[in-house]
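Working notes for the structure below.
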Amino acid sequence: MQPEPLQQIMGYYIEDAKKYLQVIEPHLLNLPSTIEDPGIVSELLGATRCGIVGAANLLPINSLHISSIHKIGFCLVDCFTVFQHERRLRVDQKLEDLLMQVFYTLNSLIEQLREPSRLTEAQAKQVMSEIELIREALMAHVNWLVKESRSDNSLEVPRLPDSADDISSLEDLESLIDELLLDSSSA
């Protein structure tokens, strides 16, 4: 591909990625209410997975830079996936700080794509070694918060039916399914 079309692809990616980052940032800054809203968490997950990480595969840049964007982006994807499943996760300052460090590093990597010199291999390796410690701390903390929230939730014992009569038998369920199938086929 000629240099001009390559620059055009890079420009489109940077423009789109910056838009996605602008969508993500305010929700990270307001993390407690973000986690409680499954729609927002799904939006953030999609923006990160498709708009930032997935689209980076199309970039005409060195693979180390792409892998840096991938690794950091997938760290956010992993967190958003946990948030999707653990809505009762307690948000603390450490979680917010670690997430913002990861986010701003990703933002910085994408911003460096604008510069003509781009990110050198040595710079990418340095960024990755620094972010790896933050990523490990973030994932360890998220896992700890999940365990903590699950142990808190385990105190809420689900109520079992009072008698065996409340529990439907397999035969009852099968007959109900048969009735529903007959009703839907005759309609």
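Note that the working numbering has the sequence shown beginning at 34, numbered continuously upward.
No residue lacks a Cβ here, since even glycine has one placed at the ideal position from N, Cα and C.
Start and end of the alpha helix (DSSP H) containing Val74?
Pro71 to Gly79
Local Cβ density within 10 Å of Asn140, reported as buried at 16 or more and exposed below that
Answer is buried; the Cβ neighbour count reaches 16.
For Glu148, name the three-state secondary structure that DSSP assigns.
coil
Can the beta-carbon of Glu119 be found closer than 9 Å to that of Leu61?
no
Hey, Leu142 and Val160: beta-carbon distance below 9 Å or not?
yes
Taking the beta carbon of Thr153 as the centre, do at least 16 other beta carbons fall within 10 Å, making it buried, or is it exposed?
exposed
Among residues of its own chain, excluding the 5 on either side of Gly44, which ones have a beta-carbon nearer than 8 Å to its beta-carbon?
none
Under the three-state reduction of DSSP, which class applies to Asn63: helix, strand or coil?
coil
Same chain, Cβ closer than 8 Å to Thr81, neighbours up to 5 away in sequence not counted
Counting only Cβ-Cβ distances below 8 Å, and skipping sequence neighbours, we find Tyr53, Ile57, Gly106, Leu109, Val110 and Phe113.
Buried/exposed call for Leu132, threshold 16 Cβ in 10 Å
buried
Complete runs of the alpha helix (DSSP H) confined to the region 122 to 167 [at least 4 residues]
126 to 145
Quick check on this structure: which residue in Glu48, Ser66, Tyr46 and Gln55 has the alpha carbon closest to the alpha carbon of Arg123?
Ser66
Quick one: Cα of Arg192 to Cα of Arg168, how far?
Bear in mind that a pLDDT of 40 at Arg192, under 50, signals an unreliable position, so the model cannot answer this.
What is the rounded straight-line gap between the Cα of Ile85 and the Cα of Asp185?
35 Å
Using C-beta distances below 6 Å, list every residue in its chain close to Ala88, excluding the 5 sequence neighbours before and after it, in chain order.
Contacts found: Tyr46.
Taking the beta carbon of Ala50 as the centre, do at least 16 other beta carbons fall within 10 Å, making it buried, or is it exposed?
Classification of Ala50: buried, given that the 10 Å Cβ count is 16 or more.
Leaving out five residues before and five after Ser101 in sequence, what residues of the same chain have Cβ atoms less than 7 Å from its Cβ?
Leu142, Ala157, Val160 and Met161
With Ile42 and Leu91 assumed to form a contact (beta carbons below 8 Å), what rounded beta-carbon distance in angstroms separates them?
The pair is a contact, with the Cβ atoms about 6 Å apart (cut-off 8 Å).
According to the Cβ coordinates, are Gln117 and Leu78 closer than 9 Å?
Yes, Cβ-Cβ distance for Gln117 and Leu78 is below 9 Å.
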